[in-house]
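Visitor: Read in order, the letters of the sequence shown correspond to residues 1 to 588 in the UniProt record's numbering.
Where a beta carbon is used, it is the ideal one built from N, C-alpha and C, also for glycine.
I have a structure I would like to understand better, so I am pasting it below and will then ask my questions one at a time.
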Amino acid sequence: MMSLRRRLAFHFSLQFISIIVFVAIISLVLLFVLLTHLNREAMKQNFPAGALENIAIDTQIEKNKATISDTWKQQLQDRNLWVQVVDMEGDVIGSENTPELLPDSYSVTEILQIEKTNYYEGFYVYSQVDTTFKDPYFYMLGYENKERESLQRWFSLYSSNGRISGDNLKQLKEELKKVEGSIQVINQEGKVVQSTSDKMKEVYKPLDVLVRTTSPGKFDTHSTIFIDPKSGLTWILNTPKQGAEPVAFSIFSEMIKLIIIAAVVLLTLTLGISFWQGFRYSQPLLLFTSWLERMGHGKYGEVLTEKERKKVFKRNGKLRLRYKLYQEVIGAFYEMAEKLSATEKERDRLEKTREEWMTGISHDLRTPLSTIQGYAHLLESGQYRWTDEELLDMGKMIREKGDYMTALIEDFSLAFQLKNQSLPHQLKPAELNELIRDIMLKFANDLTLEDVPFTFKGTDSNLYIHADRRWFERMLDNLIYNGIKHNPKGTSITASVSRHGESAIVTISDNGAGMDEETVRYLFDRYFRGTSTDEQTEGAGLGMSIARAIAELHGGTIHVSSVKDKGTVFRLEFPLGGERGERHLRKS
Numbered sequence: 001m002m003s004l005r006r007r008l009a010f011h012f013s014l015q016f017i018s019i020i021v022f023v024a025i026i027s028l029v030l031l032f033v034l035l036t037h038l039n040r041e042a043m044k045q046n047f048p049a050g051a052l053e054n055i056a057i058d059t060q061i062e063k064n065k066a067t068i069s070d071t072w073k074q075q076l077q078d079r080n081l082w083v084q085v086v087d088m089e090g091d092v093i094g095s096e097n098t099p100e101l102l103p104d105s106y107s108v109t110e111i112l113q114i115e116k117t118n119y120y121e122g123f124y125v126y127s128q129v130d131t132t133f134k135d136p137y138f139y140m141l142g143y144e145n146k147e148r149e150s151l152q153r154w155f156s157l158y159s160s161n162g163r164i165s166g167d168n169l170k171q172l173k174e175e176l177k178k179v180e181g182s183i184q185v186i187n188q189e190g191k192v193v194q195s196t197s198d199k200m201k202e203v204y205k206p207l208d209v210l211v212r213t214t215s216p217g218k219f220d221t222h223s224t225i226f227i228d229p230k231s232g233l234t235w236i237l238n239t240p241k242q243g244a245e246p247v248a249f250s251i252f253s254e255m256i257k258l259i260i261i262a263a264v265v266l267l268t269l270t271l272g273i274s275f276w277q278g279f280r281y282s283q284p285l286l287l288f289t290s291w292l293e294r295m296g297h298g299k300y301g302e303v304l305t306e307k308e309r310k311k312v313f314k315r316n317g318k319l320r321l322r323y324k325l326y327q328e329v330i331g332a333f334y335e336m337a338e339k340l341s342a343t344e345k346e347r348d349r350l351e352k353t354r355e356e357w358m359t360g361i362s363h364d365l366r367t368p369l370s371t372i373q374g375y376a377h378l379l380e381s382g383q384y385r386w387t388d389e390e391l392l393d394m395g396k397m398i399r400e401k402g403d404y405m406t407a408l409i410e411d412f413s414l415a416f417q418l419k420n421q422s423l424p425h426q427l428k429p430a431e432l433n434e435l436i437r438d439i440m441l442k443f444a445n446d447l448t449l450e451d452v453p454f455t456f457k458g459t460d461s462n463l464y465i466h467a468d469r470r471w472f473e474r475m476l477d478n479l480i481y482n483g484i485k486h487n488p489k490g491t492s493i494t495a496s497v498s499r500h501g502e503s504a505i506v507t508i509s510d511n512g513a514g515m516d517e518e519t520v521r522y523l524f525d526r527y528f529r530g531t532s533t534d535e536q537t538e539g540a541g542l543g544m545s546i547a548r549a550i551a552e553l554h555g556g557t558i559h560v561s562s563v564k565d566k567g568t569v570f571r572l573e574f575p576l577g578g579e580r581g582e583r584h585l586r587k588s
């Protein structure tokens, strides 16, 4: 049972830890998905500027050689972008989709100019310095910004004092129509002072223009900015995006959505684990319940049905994994079923024995009563005249039958007292050799037993036990009379005394007819064998039951062994004791 407790504690602790680890892993995965999603959405808003930081993170640099991730290679080609990675010496150590006109190394001036103007050889360039490694690396992400070139060209052709000249407005609109674009000119306060379209907003807030350039993914148009340093006016070219939808993105709202999704996932997992746990642990409980129901109906032999046996055991007879935790419980059920089955069989046997006992008692009492009743009727009738000798014979017969009935009733009373541990007795130290010798002499001097040889074998030293001489003698009388009654004339009976450790052994043996196995098994059951009114009650089955009860009263045990046609041996064992017995033990 301790093993079961340890296994249950280990099982549920491991299960609890596993669930915590599992939930933690799921939470980390969801967090990773959340961060990836937020990063991807932020990159869409800020593309291509936002892509450069992720490219720098995903790029591997080994032995002064930069390798661009395959994922980014495809995206760079699809979007017609190029990337270069420059080391401390200004040399390009990694590139992707790079035009041929770009150099393999850069001077200090070129790098500073690119960082300041975001422009190089006709390409618009986003740059970033990565200081993750010991030596910093310079990343450049460039693309052809045709809108910027067009805007600068239109400004030089159609502007006057920073505004669109009236003579050129119509021609500029024709140019813009080709690209489906429009131009707005705003002053330093953000107010639109000139526009080629009526649908454009009239006032820009201070951050409106900046957001359009830093987070272009949020808008459905692409904005290109040109600032006239002389007039302070700003030209904004708005052109439609090709194949791209605006990204309406809010970190807070996206986090709320993903948290809800994560909560739903965790709740689903929790419910799934709960249902799984309920199913896993309810199956054995339902199995145990069905066992108890069958046992309640007395079906002790059917611990498991064939269907349940297939559920619990594998083909090789071993328990299945889900029932492994309850192997002690299952074993206990089998053991309990076997004990209950054995108990039921024993109860049936005792019931049968009780009926036989009652039948035997009725027979043993009815026979002497019939004799007494018959003589009483004869005497009462007055039809016959009896001689004195006949009357003496009748009186003797009535007395003998009455004595027999009295002895039988006393045996019943004695058996009842022994059963209920209410027999008056007093255990005193007694020397066992002397006690057994006196009992054997009593039988040897009985003239009615002249044809039965009696032998006694004692020990050289004294053996003391605690005994009530009266009941101890009654016990041995019953055993000896059993040997006399159930054996043919001439059977010898031997009583011997020996010592075994701190116990005294008394053996009563004979060389008579012996007993079969069934008789030996039930010899000490009350009234297993009935008696005849011509026999003494000491040898009856009731007498054997009394003998065993008296042996137990003295703290001893009694065992019988017998072989058919060879004889029977009763072996009694008692603890040595008494003041003199203790001195004897110390001496020996």
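Between Ser498 and Thr448, which are expected to be in contact by the criterion C-beta below 8 Å, what is the C-beta distance as a whole number of angstroms?
Guide: If you number the sequence shown from 1, residue 498 lands on position 498. If you number the sequence shown from 1, residue 448 lands on position 448. With 8 Å as the limit, Ser498 and Thr448 do not qualify as a contact, their Cβ atoms being about 30 Å apart.
Visitor: According to DSSP, which residues form a beta bridge with Gln128?
Guide: Translated into the one-based positions of the sequence shown, residue 128 becomes position 128. For Gln128, which the question treats as bridged, DSSP gives the partners Tyr139.
Visitor: Helix, strand or coil: how does DSSP classify Leu414 here?
Guide: Position 414 of the sequence shown holds residue 414. Reduced to three states, the DSSP call for Leu414 is helix.
Visitor: Ends of the alpha helix (DSSP H) at Tyr522?
Guide: In the sequence shown, the residue the question calls residue 522 occupies position 522. Looking at the DSSP string, Tyr522 is not in any alpha helix (DSSP H), and its letter there is neither H nor E.
Visitor: In the structure shown, what three-state DSSP assignment does Pro368 receive?
Guide: Residue 368 sits at position 368 when you count from the first residue of the sequence shown. It is helical.
Visitor: CA-CA distance, Thr268 and Ile19?
Guide: Walking along the sequence shown from the start, residue 268 turns up at place 268. Walking along the sequence shown from the start, residue 19 turns up at place 19. So the alpha carbons of these two residues sit roughly 14 Å apart.
Visitor: Taking the alpha-carbon positions, what's the Asp87 to Ser95 distance?
Guide: Indexing the sequence shown from 1 puts residue 87 at position 87. Indexing the sequence shown from 1 puts residue 95 at position 95. Answer to the nearest angstrom: the Cα atoms are 12 Å apart.
Visitor: I'd like to check one pair, Asn97 with Val85: are the Cβ atoms closer than 9 Å?
Guide: The residue given as residue 85 occupies position 85 in the sequence shown. The residue given as residue 97 occupies position 97 in the sequence shown. No, the Cβ-Cβ distance between Val85 and Asn97 is not below 9 Å.
Visitor: Report the three-state DSSP secondary structure of Pro453 (helix, strand or coil).
Guide: Looking up residue 453 in the sequence shown gives position 453. If DSSP states are grouped into helix, strand and coil, Pro453 belongs with coil.
Visitor: Rounded to whole angstroms, what's the CA-CA distance from Ile493 to Phe570? Just pull it up for me.
Guide: Within the sequence shown, residue 493 is the residue found at index 493, counting from 1. Within the sequence shown, residue 570 is the residue found at index 570, counting from 1. Those two C-alpha atoms are separated by around 11 Å.
Visitor: Give every residue of the same chain whose Cβ lies closer than 7 Å to the Cβ of Ile398, excluding the five residues on either side of it in the sequence, and list them in chain order.
Guide: Along the sequence shown, read from residue 1 onward, the residue named residue 398 stands at position 398. For Ile398, where only same-chain residues beyond five positions count, the Cβ hits under 7 Å are Ile372, Tyr375.
Visitor: Residues bridged to Lys191 by DSSP?
Guide: Here the question's residue 191 lines up with position 191 in the sequence shown. Paired residues: Val203.
Visitor: How about Tyr106 and Gly122: are their beta carbons less than 9 Å apart?
Guide: Walking along the sequence shown from the start, residue 106 turns up at place 106. Walking along the sequence shown from the start, residue 122 turns up at place 122. Not a contact, by the Cβ cut-off of 9 Å.
Visitor: Please report the straight-line C-alpha distance between Lys62 and Leu141, rounded to a whole angstrom.
Guide: To locate residue 62, count along the sequence shown from 1; it is residue 62. To locate residue 141, count along the sequence shown from 1; it is residue 141. Note that residue 62 corresponds to Glu in the displayed sequence, not to Lys. Roughly 21 Å separates the two Cα atoms.
Visitor: Among the candidates Arg6, Glu390, Val125, Pro240, whose CA atom is the shortest distance from the CA of Leu102?
Guide: As a working note, residue 102 is residue 102 in the sequence shown. Closest by alpha carbon: Val125.
Visitor: Give me, in chain order, the residues of the same chain whose beta-carbon lies closer than 6 Å to that of Val203; leave out the 5 immediate sequence neighbours on both sides.
Guide: Against the sequence shown, residue 203 aligns to sequence position 203. Same-chain partners within the cutoff: Gly190, Lys191.
Visitor: Would the beta-carbon of residue 589 fall within 9 Å of that of Gln60?
Guide: For residue 589 there is no data in the structure shown, the boundaries of the chain being 1 and 588.
Visitor: Among Tyr120, Glu100, Ala263, which one has its Cα closest to the Cα of Ile26?
Guide: In the sequence shown, residue 26 corresponds to position 26, counting from 1. Residue Ala263 is the option with its Cα nearest to Ile26.
Visitor: Confirm, please, whether the CB-CB distance from Ile550 to Glu475 is below 9 Å.
Guide: Along the sequence shown, read from residue 1 onward, the residue named residue 475 stands at position 475. Along the sequence shown, read from residue 1 onward, the residue named residue 550 stands at position 550. Contrary to the premise, residue 475 reads as Met rather than Glu in this sequence. Contact flag set, yes.
Visitor: Helix, strand or coil for Lys310 per DSSP?
Guide: The residue labelled residue 310 in the question sits at position 310 within the sequence shown. In the structure shown, Lys310 sits in a helix (DSSP, three-state: H, G or I).
Visitor: Taking 7 Å as the limit between beta carbons, can you name the residues of its chain near Asp516, skipping five residues before and five after?
Guide: Here the question's residue 516 lines up with position 516 in the sequence shown. Lys564.
Visitor: So, with DSSP's three-state summary, where would you put Tyr567?
Guide: Residue 567 sits at position 567 when you count from the first residue of the sequence shown. Checking the displayed sequence, the identity of residue 567 turns out to be Gly instead of Tyr. If DSSP states are grouped into helix, strand and coil, Gly567 belongs with the strands.
Visitor: Look at the alpha carbon of Met438 and the alpha carbon of Pro575, and state the distance between them as a whole number of angstroms.
Guide: Locating residue 438 in the sequence shown gives position 438, counting from the first residue. Locating residue 575 in the sequence shown gives position 575, counting from the first residue. Correcting the residue type first, residue 438 is Asp in the shown sequence and not Met. In a straight line, the C-alpha of Asp438 is about 21 Å away from that of Pro575.
Visitor: Going by Cα to Cα distance, which pick from Gln283, Arg153, Ile186 is closest to Glu175?
Guide: Against the sequence shown, residue 175 aligns to sequence position 175. Checked all of Gln283, Arg153, Ile186; the closest Cα to Glu175 is Arg153.
Visitor: Excluding five sequence neighbours on each side, which residues of the same chain lie with their C-beta closer than 6 Å to the C-beta of Ser532?
Guide: In the sequence shown, residue 532 corresponds to position 532, counting from 1. Low per-residue confidence applies at Ser532: pLDDT is 45, beneath 50, and the placement is therefore not dependable, though the value from the model is reported in the following sentence. For Ser532, where only same-chain residues beyond five positions count, there are no Cβ hits under 6 Å.
Visitor: For Asp130, which residues in the same chain have their Cβ closer than 7 Å to its Cβ, ignoring the five residues on either side in sequence?
Guide: Along the sequence shown, read from residue 1 onward, the residue named residue 130 stands at position 130. Correct list, in chain order: Ala56, Pro136, Tyr137, Tyr139.
Visitor: Determine the direct distance from the alpha carbon of Asp411 to that of Asn478, and round the result to whole angstroms.
Guide: On the sequence shown, residue 478 is found 478 positions in, with the first residue counted as 1. On the sequence shown, residue 411 is found 411 positions in, with the first residue counted as 1. If I take the Cα positions, the gap works out to 11 Å.
Visitor: What first and last residue would you give for the beta strand (DSSP E) that runs through Phe226?
Guide: As a first step, residue 226 is located in the sequence shown; it is residue number 226 there, counting from the start. From DSSP, the beta strand (DSSP E) with Phe226 extends over 221-227.
Visitor: What did DSSP end up calling Ile423 once you bin it into helix, strand or coil?
Guide: Numbered from 1 along the sequence shown, position 423 holds the residue referred to as residue 423. According to the sequence displayed, residue 423 carries Leu and not Ile. Residue state, collapsed to three classes: coil.
Visitor: What's the C-alpha gap between Val92 and Tyr120?
Guide: Residue 92 sits at position 92 when you count from the first residue of the sequence shown. Residue 120 sits at position 120 when you count from the first residue of the sequence shown. Each residue's alpha carbon lies about 15 Å from the other.
Visitor: Go ahead and label Pro240 buried or exposed: buried means 16 or more other beta carbons lie within 10 angstroms of its beta carbon, across all protein chains shown.
Guide: Translated into positions along the sequence shown, residue 240 becomes position 240. Pro240 is exposed by the Cβ-count criterion.
Visitor: Does DSSP put Arg529 in a helix, in a strand, or in coil?
Guide: Locating residue 529 in the sequence shown gives position 529, counting from the first residue. Low per-residue confidence applies at Arg529: pLDDT is 47, beneath 50, and the placement is therefore not dependable, though the value from the model is reported in the following sentence. DSSP places Arg529 in coil when its eight states are reduced to three.
Visitor: Return yes when the Cβ of Glu473 is within less than 9 Å of the Cβ of Leu435, no when it is not.
Guide: Here residue 435 corresponds to residue number 435 of the sequence shown, with the count starting at 1. Here residue 473 corresponds to residue number 473 of the sequence shown, with the count starting at 1. Yes; because the gap between Cβ atoms is below 9 Å, this pair is in contact.
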